[in-house]
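In what follows, a single structure is set out as structure tokens and then discussed.
If you want it as structure tokens, here you go:
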């Protein structure tokens with residue numbers, strides 16, 4: 062219990078250190094945008110993204126050199142309720158695929174020049190094959206069944222959040238410029254949906270989606286399991302840590318830590334889809350200032366994602382009907398953010414190019 066109390070106090074203290082956006086950097090970036098060789102506003106959201114990036118980093122002409130995606134893996138006791146179309150064994154099999162470089166997130170990370178960080182934060186089984194590239198941070202062999210009681214003990218929850226913070230800190234020491242959140246865990250759309258319902262008051266029937274491919278009967282059963290989980294646990298929407306502990310997951314808790322750790326270091330975070338966004342909901346309710354350091358990578362095809370994004374006040378960069386997770390949509394959005402930063406930094410001003418500017 063002492064260790065849990067220690068982790069809790071250090072995490073709460075970290076939240077107090079998260080800065081606001083840098084107003085001077087924002088003003089300088091916006092001023093430079095207005096001097097570039099183009100009509101003001103003609104690059105649309107690319108201009109807004111570059112200015113936001115300046116405020117996040119505190120640098121008027123930010124560069125996105127070192128990028129990484131954090132793909133955290135954990136299992137869920139609630140799969141015993143039949144909420145997934147795939148067996149739990151797929152979690153470790155997919156982690157092995159990540160480590161071998163064969164998953165979609167690997168392909169996209171290579172495409173954009175990002176590092177893949179894969180961590181076992183709560184898998185129920187051992188990962189087969191070569192695990193030399195795996196960060197081993199396992200809190201427990203999967204969460205408890207949230208349909209019967211809390212998914213995690215307080216100690217487990219704080220340990221998982223701290224593990225995410227530690228991952229972020231380690232990459233920050235290497236000069237990380239831009240992070241993405243990703244995950245793997247069979248059944249994890251169930252806790253993500255429960256988190257959304259806890260904060261929004263939505264009826265599970267209205268926001269429960271197919272996850273890994275459930276048909277209508279499976280979706281209905283999944284919504285009922287979520288309803289039961291909320292009734293059994295009564296998570297307090299005014300206490301995000303209570304929501305996370307009762308109906309969350311280890312990988313979700315770890316991503317909360319990644320977000321907090323990056324925000325404390327002024328490292329922008331690109332949030333992926335439905336599960337990653339549930340972690341962002343927890344993080345921003347617990348530490349409101351970290352909201353300023355988030356980009357929404359894309360709009361997931363999961364039915365509850367729009368409502369999550371609305372709660373966060375985030376406008377997704379991409380909308381491609383993706384719902385894979387892993388960090389795929391967030392990594393793909395790296396290309397847009399990188400382009401926005403390069404336009405701000407590398408375009409000539411009217412004075413540089415000897416071009417007449419806008420008439421007064």
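In the numbering used here, the protein residues as written are 62 to 421. We treat Cβ as the ideally placed atom computed from N, Cα and C, and that holds for glycine.
Residue burial is scored here from C-beta neighbours: residue 276 has fewer than 16 other C-beta atoms within 10 angstroms and is therefore classed as exposed.
Classified as exposed, residue 381 has fewer than 16 neighbouring CB atoms from the shown chains inside 10 Å of its CB.
Apart from sequence neighbours up to five positions away, the residues of its chain that approach residue 142 with a beta-carbon distance below 6 angstroms are 208 and 286, ordered along the chain. Judged by beta-carbon spacing, residue 130 lies beyond the 9 angstroms limit of residue 226, meaning their Cβ atoms are not closer than that value.
Where residue 254 is concerned, the enclosing alpha helix (DSSP H) starts and stops at 250 to 261.
Taking the CA atoms as reference points, residue 356 sits about 17 angstroms from residue 80. Taken atom to atom, the span from the alpha-carbon of residue 353 to that of residue 201 is near 32 angstroms. The alpha-carbon separation between residue 316 and residue 343 amounts to approximately 10 angstroms. For residue 117, the enclosing alpha helix (DSSP H) begins and ends at 106 to 118. Per DSSP, reduced to three states, the secondary structure at residue 242 is strand. Under the DSSP definition of a beta bridge, residue 311 lacks any partner. In the DSSP assignment, residue 90 falls within the unbroken alpha helix (DSSP H) covering 84 to 96. DSSP links residue 379 through a beta bridge to 359.
Beyond the five residues adjoining it in sequence on each side, residue 322 comes within less than 6 angstroms, by CB distance, of 226, 229 and 230 in the same chain, given in chain order. DSSP places residue 321 in the helix class (H, G or I) of the three-state scheme. Residue 360 is not a Cβ neighbour of residue 372, given a cutoff of 9 angstroms. Only residues of its own chain outside the window of five on either side were considered, and among them 107, 110 and 111 have a CB closer than 6 angstroms to the CB of residue 401, listed in chain order. Fewer than three pairs of CB atoms, one per stretch, sit closer than 8 angstroms, so the stretch 117 to 126 makes no contact with the stretch 147 to 157. Comparing C-alpha distances from residue 388 to each of 404, 416, 165 and 248 shows the shortest one belongs to 165. The beta carbon of residue 96 is closer than 8 angstroms to those of 410, 411, 412 and 418 in its chain, skipping five residues each way along the sequence.
The stretch 116 to 198 is shown to contain whole alpha helix (DSSP H) runs of 4 or more residues at 150 to 161 and 165 to 173, in chain order.
Our two residues, residue 172 and residue 203, have alpha carbons roughly 32 angstroms apart in a direct line.
It is roughly 6 angstroms from the alpha-carbon of residue 288 to the alpha-carbon of residue 265. Within the DSSP bridge table, the entry for residue 200 names no partner. In the structure shown, residue 304 falls within a helical segment according to DSSP collapsed to helix, strand and coil.
In chain order, 150 and 153 place their CB closer than 7 angstroms to the CB of residue 186, counting only its own chain and leaving out the 5 sequence neighbours on each side. For residue 392, the enclosing alpha helix (DSSP H) begins and ends at 389 to 407. A distance below 7 angstroms between beta-carbons, with the five flanking residues on each side excluded, links residue 347 to the following residues of its chain, in chain order: 76, 301 and 302. Per DSSP, the unbroken alpha helix (DSSP H) holding residue 222 starts and ends at 215 to 234.
Straight across, the Cα-Cα distance linking residue 214 with residue 137 is about 14 angstroms. Assignment of residue 416 by DSSP, reduced to helix, strand and coil, places it in the coil class. Using a Cβ distance threshold of 9 angstroms, residue 250 and residue 273 count as a contacting pair.
Excluding residues up to 5 positions away in sequence, 358, 359, 360, 390, 393, 394 and 397 lie with their Cβ nearer than 8 angstroms to the Cβ of residue 379 in the same chain. Linking residue 98 to residue 91 through their CA atoms gives a straight-line distance of about 14 angstroms.
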